[in-house]
Amino acid sequence: MENLLEVKNLKTSFFSDGKETPAVDGVSFELKKGETLGIVGESGSGKSVTSLSILQLIQKPHGKIVNGEILFKSQNLLELNDKQIRKIRGKHISMIFQEPMTSLNPVFTVGNQIMEVMTLHHGVSMREAKVQAINMLELVGIPSPEKRFMQYPHQLSGGMRQRVMIAMALACNPDLLIADEPTTALDVTIQAQILELMKNLKKQFDTSILLITHDLGVVSEAADNVAVMYLGRIVEYTDVDTFFEEPKHPYSQGLLKSIPSLSNRVERLTPIQGQVPHPSAITQGCRFAGRCEHVHDMCIREEPPLMSISQHQIRCWMYSESWNDRDKEDTAHGREVAAGRESSKVVHH
Amino acid sequence: MTFSIMQLAPGNPMQTMINPKISAEEMQRAQEKLGFNDPLYIQYFKWMKEVAQGNLGYTVKTGQPVGKLILERLPATLLLTGTAFLMAFSIGVPLGVYSATHRYRLPDYVLTVFSFIGISIPSFFFGLGMIFVFALKFGWLPTSGMITIGADHTGYALFLDYLKHVIMPATVLALPTIAVVMRFTRSSLLEVLNQDFIRTADAKGLSQQKVYLKHALRNALIPVITVFGLSIPFLFGGAYITEHIFNWPGMGSLGIQSIVAREYPVIMALNLFTSMLVMFGNLLADVMYAWTDPRIRY
Amino acid sequence: MGEKLLQVENLRKWFTIEGDTWFAKNQSVVKAVDDISFYINKGETLGLVGESGCGKSTAGRVILQLLEATEGEILLEGENLAALSTRQLKNKRKDMQIVFQDPYASLNPRLKVRKIIEEPMTIHLKLSKEERMEKVKQILHDVGLNEAYMDRYPHEFSGGQRQRIGIARALAVQPKLIIMDEPVSALDVSVQAQVLNLIQDLQAKYGLTYLFITHNLSVVKHISNRIAVMYLGRIVEIANRDHFFEDTKHPYSKALISAIPEPGSKHRRERIILKGDLPSPVNPPSGCHFHTRCPFVMERCITEVPDLVDVGESHFVACHLHNE
Amino acid sequence: MNGSVGISQETVTVSSIEKQTWRNNASWKRFKKNKLALFGAFILLFLLFVAAISPLVAPYDPYVSNVNELGGYDVLAPPSSEHLLGTDSLGRDMLSRIIYGGRVSLSVAFVAVMIATVTGIILGVIAGYYGKWVDTLIMRITDVVICFPVLFLAITVATILKPSLFNVMIIIGLVSWTTMTRLVRGEVLKLREMEYIEAAKAMGQRNSIIIFRHILPNILAPIVVQATLQTAEAILTESALSFLGVGVQQPVPSWGNMLNEATSIMVLQFKPWVWAPAGFAILLTILSINFVGDGLRDAMDPKVKN
Amino acid sequence: MRKWKLMSLIFVIFVLLIGCTAKESTTPNESEKENDPPKEEVVKEGGTLTFAYNSEPGNLNPVIWATTSDTNVTHMVFDSLVIPDKELKMVGSLAENWDVSEDGKTYTFHLKKDVNWHDGQPFTAKDVEFTFTSLADGTYDAGAYWRVEPVVGVEEYKAGTADKVAGIEVVDDHTIKFTTKEPFAPFISGLFIGVLPQHVLNDVKPGEWAKHESNRAPVGTGPFKFVKWETGQYIELAANKEYFGGSPKLDRVFVRFGDANTMLASVLSKDVDIAPVPIADTASVQSLDYASLVTQTNLSVYYVGFNSKNDHFKDKKVRQALAYAVDKQSIVQSIIGEYGEVADDVFPSKHWSHNPDLPIYNFDGSKSESLLEEAGYQKNSKGIFEKEGKELSFMMEVPTGTKEREKSAVLLKQMWEKVGVKVELRSLDFPTLVTKLLPKTDDGKQREVTKDDYEAYILGFGIEADPDEYRSYFGTAYMPPNGYNFVGYSDPTVDNLLEKQTKETDFTKRQQLIWEVGKKLAEDEIWIPLYEQNSPYVVNNRVTGFEPDFRGISFNSKDWGVKE
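Chains as they are written, first to last, in full-length UniProt numbering: chain A, 1 to 349; chain P, 1 to 298; chain S, 1 to 324; chain Y, 1 to 306; chain D, 1 to 564.
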């Protein structure tokens, strides 16, 4: 099947005081029609920046897409001017955000905000737009949509607002929906409702979804493929089943072990040691080296490329051939160096 | 409150007239009649009682009813402060928007410096400068007053006459507020532009202009309404000096005259009036709030 | 185990909200905590779970006497806290401490770490400066922080480290009870595990008793001995951890468990998706608060408040289904 | 429990991905980047310096009328090599008076703002921290006072207190505390919800210590900014009071009462040296203070990101 | 909170409504508008003139607390029975002439005939009787009672025991007789006050006049009729063509009021023809080619007064020393220029009471110092004179309001400090100074001045017409609370002279008595006279006949005209 979206070697940086801090660095992935790709990562991994880069919603003037291609239906979005990209937004690609509380404009009615997209992109009349908007509200499971249509965002609960956001995003029946942490701010029972809703709508509209989340559970529920990001890089990229059955990257493994599980309780969790360092602290070698338990000299010397192994794409020397030839003693040494490098770099900021 | 402040002041209106031909006894009697020798709380109580009955009292020296005196002055002050108010917002807001949308570029810097000068310049000084330039040098505008004396305009001509007279004092009065409104609109708009729903609007594909003017501005104006409320006492206060300079026949010039003459009843009534006008303005600001911000409902 | 450290009896905390409109004053009452009773044994962890607005954090603050209870008793080692004088209460505060959710808001940005940890000591312990310093070092070591960092300011630390400092502050006066108010919710997954381990280790080392407040059932399962579930101000179920998960009684608890997305659970469990939103605590539904969303709602649920009854082995549940 | 007593010990690295608090020198960095603010700070320091050493730099005694060759007073002399800025209507050297006037104007503003700030902090903290009826009472009073235009109050109070240097300070201070009170109260209310305040309460800390240790240091930034901006306002108010003849009194020079000499259309037109120096000094000072204040606001406001 | 606001809103509306219902028409003569002549008349007859004054009149009833801004207008609208001439001799105005009886107690006034009020009613002796009887009314308390005080029967009428003042007697429609209790030289000058229309005010008690609407829309007999009063802006007057003294040249006069500086600006923009000029601005105004300066002489003297209870000032030598230290010439030169002159007498030099032969204190620093040494003072290490360890230092109270006076105070300080006397200045407004000069007890009664009430002050004092006014300032019997002798001056000779002159009806003899007083006061120097100051006005050159003097600026308004 043809790729709906293809991101190639994307690099987005933030500039302050003339200093460049790359938030997304050389990220590539693709998304087919009707597919859901989950991008997982902790804070600072660059997952949100990736999603914002696609529609060029990075905050100017500090954020800037430095490099790469974003091919949407084979058209490079980065080559479009402001006017053209605005025609794509909301019509072909739409977004929903983490905070349903703040993502809706407080001074306009819900209906007004949904109709706005419709009249904008489909040029329908106000009356027609109203009918459609109410339909949309009903579709996303909002009870008494006629009443809600007239209400302001503050009169709705968080879950309702997220439904409104979804209705707005799907109003023009886009090809791609980018959902940036759509359930994070919601209560567990509401989160379940929204996930369910998204799954159903995806089937109904045949929309592709780019799902950004830090919650591995959500990915497991909703995604077909998973990309794990760490410090601006994709470190592991595979389909969801493979990922959960057989996570390969030490970071992915660490993440899964860190999470207390409902189904099989362990007395003690095994966390990944240390903290996520600042992106500027790492100039060389594997970005995870400082926290990796398998770290080796070579990890510090050189950053591993994204390697393909069967279903997987992994950025780790462990899966390269040279790993087996490694000098075992260097592992311990490597760990020391990595830790030292990290702390010395970061303390003087 | 004003009452007690004024009572602390040494001297009373009778004593501003020191005339060898008036015996001390006579003065004493006049004071007693006016109640200046009563204990403070009795004076205050009497005053409150009168106010409650709609009687603001009489001026000490000339015995005119204070309420009438103030009401005569009220329209002039309202005309002046109202014009200044309109100017402040109709000029301040667009400039603020312009400044915010041209952030960190030349127009923004120019407007920033302008706004600081607007805040910094003493009004009496600015007023004199205006008179000097526009009235004397160019002769475009009258130096002072509210209408052309003896012209007896009516209708449209009268309106133009008012306009000609009000424009300078209103500008002087409005200048600091224009500056403040501008700064406030600018920062408020910038703050709103950082908010999530602006990103939502962008993500919808709305044009830049529509994002700014529909989604951002309406929200940005909500905090500006605070300035709306705060500017009212400021304008009324500023009216004292401005009216004085431009000989504007309003409550401000009356106030200054009254303070000089120790006309307590006038001063107290003026205070009562201004504070009520301010309250009224604040109330209006509240209504405006509710009108612009659906989250507030009364 | 077995000795009760904390007993909460019929605790109520109602807030009055003065909705002052132009023409009328209407008071509405938020029953944030509405008649809850539970106990915590010495050395154990009670997990208090619930969604936002269920009153779990309020309960924690009322227990600590940061908020005044509307009704009910809080007994710490048998002593009713509400009956204590200000002075006695101040002394009693030594025995109970709190750790907060937000690692940024819970540390005074203007104080050095040393000062932050020292503060409770200066109030409750009569120690010399040197002794305090020693103790600060000891505690920093306990929570896994290098003592060299005690002269730094909070902003120089990451979220996880700040949370450790918060825990250190709570430990400073060797309290008997620590109320953990969502201590790991704001942390990234990998750091969350570190802090959870620390919390467990400290409990083992000092024999601490925890009231662990969270919305995250997985965390609760991991860390608690017993679990209490709150819904709109009321406790709907309390049980031992294993009982609770193996034999969940209350429909809300069931829904809560099933709503959690599990990473990698291949066979997707049958999920119970609750209808509708959480009702507002301002005007909670009549009868059983849960009846508006309950899949098993019966007529009596609408009118009658179910009691919290023991269904065996200290498994309490407040549901008419289990309350014949 | 598995009986493990090993406390998990991890490598401590101090991460730099943090929220920036104002204590960070990031504030200073941001301030430095603001050219206008730097310019303002420079001018202000210069003015303060000149004011501080005014006896050393003033060429003449600002209180003594100079005598011309005819034996009379050298009044309203235009600028010359002898009197760089000319003389005033009593023959006193303008330059010297400007220099001394700066001393007076700046200290009036400073003391007045101190009064307003201290009052504002005390009332604001009490209202914000203790809440309930105390709050209601204080805020009602503030509401009422705020309803009266500042200038009106100032004039009214000025007529009561008799003009003197100290009273001018008091007057300006007394009429401008409301803004500070509201600001402080608002900040305290925000801060009161912070968890570290709750933590201090939970550990049984005394209210006074909570206020001085946990609250005040953390609301210093907005207070400093507000005080800076109010200083500018105070200078303006002083000049307005002088304009109405109730400000700083002769023979003490202040920029306000020097400008007061220029309140004549004739002087404005024909004798610019009488008003221009004082007018320029006031404008420059207030401009500088406002630049600095605005720069501080941006630099200290955590909401404004780079 | 919101409820509170709502209530205030209702309150505001309530008050405004009450205010509106209370509002009445203020312009009774609106029909006059139609008589307006077209603008820019080139003829010399008629025309419009605008003059400005610094403050708005309080009211236009001449017997109610008259101030200069009031009399500027009332002199145009009202006439008085008598009026002082240039030499300050009283001449008739509404009175054609009058006779004084042999014993000097009875004055018989023969009034002008064919005089009409502006509303057409005839003016008669009844109006005169009404005016002066009203001043004696028990309810009247607006500052002019002293004018009728010497009249027989006034006290009885005031007390209510008589229903008419015995000493005021209408002989016929055009003749009226006043009888005083004793011969009283100043009596005739006291009659220089506007006569009121009986038919307008008859039904109103004098105590209520202050509130009467005629105060803001007066009816008089004068050369100009009142047209309208725009509050805060101007008063419009129109010529009274039937004026008994001859029709005024002008058709209309506008009296504007406002800040001196603003009014000056209006002169520059030619909206105003005549306005007072601050002395500091005279030099600049002189350069205008379309306007000139006209000076109004004043009968006033600025002086420094000393509290004689003060330890330093008890000694005449100290006061004299301080007088010698003052360079009056320099003060006049640098502050007042040609609009004033040095004063050596407490009596104004233009007035007949001024004695040309007085002790004069010419500026002499060394004499000042030697006098202080004579008085027992020695310079201390700081260069300041002291006696018995007490430095010669004092606080001088300086009332605000007159720039020239404030500036003189600054110069005085410099001058005194030069000889070794420490002086502090304290600015305060006039009413506050009055509380120091006329102190009160806590319960509001006036009391004696003590040495702590004040030390020295600077003020101006002027004569309206008769020098008898000085009696209350220097007579021993007139120390507060009984009068205005707040310096506490007490000298039996002066007391005697002051009492004697009131009964002396022979002008030359009376003048001699007063000259004696002046001489004695100059010796004792309890007041140091500084300077006399005149008032410059800027007058557009198109104006003719503007000749202000001590009687005011508008007493000859009927002779004003405009060219072009």
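Glycine included, C-beta positions come from ideal geometry on N, C-alpha and C.
Using a Cβ-Cβ distance under 9 Å, would residue i count as near chain D?
i, result
"Y130/Y", "no"
"M182/P", "no"
Which residues in chain S sit within 8 Å of residue i, going by Cβ to Cβ distance?
i, result
"H214/A", "D188, V189"
Give a yes or no on whether 9 Å exceeds the smallest Cβ distance from residue i to chain S.
i, result
"L269/A", "yes"
Would you mind telling me which residues of chain Y sit closer than 7 Å to residue i, beta carbon to beta carbon, in chain order?
i, result
"P120/S", "M203"
"P142/P", "Chain Y residues near P142/P: none, gap ~14 Å exceeds 7 Å."
Residue range of the alpha helix (DSSP H) that residue i falls in?
i, result
"F109/D", "Element bounds for F109/D: not the alpha helix (DSSP H) but the beta strand (DSSP E), 106-111."
"V255/D", "Careful: V255/D lies outside any alpha helix (DSSP H), inside the beta strand (DSSP E) at 252-257."
"F116/P", "106-120"
"V50/Y", "35-52"
"E198/Y", "195-202"
Taking C-beta pairs closer than 8 Å, name the residues in chain D that residue i reaches, listed in chain order.
i, result
"L73/Y", "Just to set this straight, residue 73/Y is Tyr in the shown sequence, not Leu. Going along chain D in sequence order, the residues near Y73/Y (Cβ under 8 Å) are S330, Q333, S334, L411."
Return no unless some Cβ of chain P is closer than 9 Å to the Cβ of residue i.
i, result
"T102/A", "yes"
"D271/D", "yes"
"W209/D", "yes"
Can you list the residues of chain P that residue i reaches, using a CB-CB cut of under 8 Å?
i, result
"H62/A", "Going along chain P, no residue has its Cβ under 8 Å from H62/A, so there is no contact; the nearest lies around 11 Å."
Does residue i get closer than 9 Å to chain A when you measure Cβ to Cβ?
i, result
"F197/P", "yes"
"P251/S", "no"
"L79/P", "no"
DSSP has residue i in a bridge; who is on the other side?
i, result
"P285/S", "Partner(s): none; P285/S has no beta bridge."
"G141/A", "DSSP output for G141/A lists no bridge partner at all."
"R234/S", "Y231/S"
"K4/S", "N41/S"
"K32/A", "N3/A"
Please list, in chain order, the chain Y residues whose beta carbon lies closer than 9 Å to that of residue i.
i, result
"L107/S", "E195, Y196, A199"
On the DSSP letters alone, give me the boundaries of the beta strand (DSSP E) that residue i sits inside.
i, result
"N3/A", "3-16"
"L145/S", "Careful: L145/S lies outside any beta strand (DSSP E) and carries neither H nor E."
What in chain P is Cβ-close to residue i, meaning under 9 Å?
i, result
"S55/D", "Q257, V260, A261"
With a cut-off of 9 Å, does the C-beta of residue i fall near any C-beta of chain Y?
i, result
"K407/D", "yes"
"Q97/S", "yes"
Counting only C-beta atoms, is residue i closer than 9 Å to chain B at any point?
i, result
"N247/P", "As a matter of chain content, chain B is missing from the structure shown, whose protein chains are A, P, S, Y and D."
In chain order, which alpha helix (DSSP H) runs of at least 4 residues are fully inside the stretch 413-468 of chain D?
Counting only runs of 4 or more, we get 430-437.
Length at least 3, wholly inside the stretch 167-247 of chain A: the beta strand (DSSP E) runs in chain order:
The stretch 167-247 of chain A contains these whole beta strand (DSSP E) runs: 176-180, 208-213, 225-230, 233-239.
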